[in-house]
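S.K.: Sending over a structure as structure tokens; questions will come in a sec.
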Amino acid sequence: MTPHDPSARSAPATGRRTPAQAAALVAGVLLLLGGLVALVVGFTGSVGSQSEPFPAPGADDGPGSDLLLFAGGGLAMVVGLGVVAFARAAAFRSAGGWSRVVVEQGFGSSPPRTSAPPETVRTRTCARCGALNDEEARFCDRCGTGL
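In terms of the working numbering, the sequence shown opens at residue 68 and continues consecutively.
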């Protein structure tokens, strides 16, 4: 396709990723999957080693290696999730103005801000004692005289 090809403009820009973003996304997913496998293997190995409290010498590396595998798998999953989130955020940032449009379509645009004139509060002053009363008051709140 050439830059002047009309069909090149019909594709939305939101679905395209740069090669670096795609590589980061693939690496993040692989870290997530590898971390999940290590997490499960470490957990099952740790639980399985608890059934024999005194294994034969050299038969097993001990529960410490399984726990390290479990912890390493969890760490790999956290890092993989961070990489995937970063790659997706970079793709959304590169979308430019489309992000705002998508958010407004999902949540609705905020109502336009209009400044209403301030509401005036009127009071009535009592002729006898000088107290301020509400506009609708028929009698003074302080002395009870009719307004």
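No residue lacks a Cβ here, since even glycine has one placed at the ideal position from N, Cα and C.
1. Using alpha carbons as the reference points, say which of Gly-139, Val-108, Ala-154 and Cys-193 lies closest to Leu-214.
2. Find the nearest neighbour of Gly-139 within the set Phe-153, Phe-110 and Gln-88, judged by alpha-carbon distance.
3. Since Asp-208 is in the beta strand (DSSP E), which residue starts that stretch and which ends it?
4. Decide if Pro-79 is buried, meaning its Cβ has at least 16 other Cβ atoms within 10 Å, or exposed.
5. Note down the Cα distance separating Gly-226 from Glu-186, rounded to an integer number of angstroms.
6. Tell me whether Gly-197 sits in a helix, a strand or coil according to DSSP, three-state version.
7. Who are the near neighbours of Ala-94 in its chain, counting only those whose CB is closer than 7 Å to its CB and skipping five residues on each side?
8. Here's the rule: buried if 16 or more other CB atoms are within 10 angstroms of the residue's CB, otherwise exposed. What is Gly-197?
9. Nearest-angstrom Cα distance between Arg-153 and Ser-182?
10. I need the DSSP call for Arg-155, collapsed to helix, strand or coil.
M.R.: Taking the structure as given:
1. Cys-193
2. Phe-110
3. Unbroken run through Asp-208: none, as it is neither H nor E.
4. Here the model assigns Pro-79 a pLDDT of 44, short of 50, so the residue's position is not dependable and the matter cannot be decided.
5. Because the chain here runs from 68 to 214, residue 226 falls outside it and cannot be looked at.
6. coil
7. Val-150
8. exposed
9. For clarity, residue 153 is Phe in the given sequence; the question names Arg instead. Their backbone Cα atoms lie some 40 Å apart in a straight line.
10. helix
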